[in-house]
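Engineer: Residue numbers (the numbering used here): 950 to 1143.
If you scroll down you'll find the structure; I have some questions about it.
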């Protein structure tokens, strides 16, 4: 059963705990594949589940990796009490890292598999609260709050943050929005221009 009452402070603490378990600090780059390995969650590229293994048709693989490659990224899949992650290896490495961090966050937050629906147009409906929690934790895992604030005070660009933490510029922009406002206000107070 999922732990009740996840909030941002608890999720930040969980991300910090994971970093300690991994032997890395708040300012270090985190490898989500290593988290999956530590938690014994195998990660399989969708492309490896083809007809030769009997799990997925080549037409389905082509649909998600060529025809509509932007429509599906990754999924945490339950197999009894075990979990595995299927990822779309047609995506860039930085996107795959953020996708994996998101999916592994569902596991770390002990989310139950009770509301998932994938429609014909590949729209995925799930519990919005759980999705927001997984997004928040993935963000904290890949770039901690302390690291984001430090980058904001240094006025690093999205591209610089992306290169530093091996995430996309888009992910960096999303992650840095709050810390940049914080840094701006803090610097304005220091300069007496608030």
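Even for Gly, the Cβ is constructed at its ideal location relative to N, Cα and C.
Let me confirm a value: residue 958 is counted as buried when at least 16 other C-beta atoms fall within 10 Å, else exposed. Which label applies?
Structural biologist: Exposed, because fewer than 16 other Cβ atoms sit within 10 Å of the Cβ of residue 958.
Engineer: Residue 960 and residue 1085: beta carbons closer than 8 Å?
Structural biologist: Against a cut-off of 8 Å, the Cβ pair of residue 1085 and residue 960 comes out as a contact.
Engineer: Quick check: the Cα distance between residue 954 and residue 1039, rounded to an integer number of angstroms?
Structural biologist: Answer to the nearest angstrom: the Cα atoms are 36 Å apart.
Engineer: For residue 984, I'd like the list of residues in its chain whose CB is within less than 6 Å of its CB, leaving aside the five on either flank, ordered along the chain.
Structural biologist: Cβ neighbours of residue 984 beyond the five flanking positions: 1053.
Engineer: Can you name the residues that DSSP bridges to residue 993?
Structural biologist: Bridge partners of residue 993: 1035.
Engineer: Use the C-beta contact count for residue 991: other C-beta atoms within 10 angstroms, 16 or more gives buried, fewer gives exposed.
Structural biologist: Its Cβ having fewer than 16 others within 10 Å, residue 991 is exposed.
Engineer: Between the Cα of residue 1093 and the Cα atoms of 971, 979, 970, 972, which residue gives the shortest distance?
Structural biologist: Of the listed residues, the one whose Cα sits closest to residue 1093 is 979.
Engineer: What residue from 1061, 1043, 1045 has the CA that sits closest to residue 1032's CA?
Structural biologist: Ranking 1061, 1043, 1045 by Cα distance to residue 1032 puts 1061 first.
Engineer: Taking just the CA atoms, how far does residue 1058 sit from residue 1078?
Structural biologist: Between residue 1078 and residue 1058, the C-alpha separation is close to 12 Å.
Engineer: Give the C-beta separation of residue 1132 and residue 1087 to the nearest angstrom, bearing in mind that I take them to be a contact with Cβ-Cβ under 8 Å.
Structural biologist: Going by Cβ atoms, the distance from residue 1132 to residue 1087 rounds to 22 Å, so no, they are not a contact pair.
Engineer: In the DSSP output, what is residue 1025 paired with across the bridge?
Structural biologist: Bridge partners of residue 1025: 1034.
Engineer: What is the residue span of the alpha helix (DSSP H) that residue 1111 lies within?
Structural biologist: Element bounds for residue 1111: 1107-1114.
Engineer: To the nearest whole angstrom, what separates the beta carbons of residue 1022 and residue 1046, a pair I think is in contact under 8 Å?
Structural biologist: In fact, because the Cβ distance is near 11 Å, the residues do not count as touching under 8 Å.
Engineer: Please work out which residues of its chain come closer than 8 Å, Cβ to Cβ, to residue 993, disregarding the five sequence neighbours upstream and downstream, and give them in chain order.
Structural biologist: Taken in chain order, the residues that qualify are 1033, 1034, 1035, 1036.
Engineer: Just to confirm, are residue 967 and residue 1090 a CB contact at a threshold of 8 Å?
Structural biologist: For residue 967 and residue 1090, yes; Cβs fall inside 8 Å.
Engineer: In three-state DSSP terms, what is residue 1117?
Structural biologist: Coil, per DSSP.
Engineer: What is the C-beta distance between residue 976 and residue 1096, in whole angstroms, given that I count them as a contact (C-beta under 8 Å)?
Structural biologist: Indeed, because the Cβ distance is near 5 Å, the residues count as touching under 8 Å.
Engineer: Indicate the three-state DSSP secondary structure (helix, strand or coil) for residue 1103 in the structure shown.
Structural biologist: Coil, per DSSP.
Engineer: From 1116, 1028, 970, pick the residue whose C-alpha is nearest to that of residue 987; which is it?
Structural biologist: The candidate whose alpha carbon is nearest that of residue 987 is 970.
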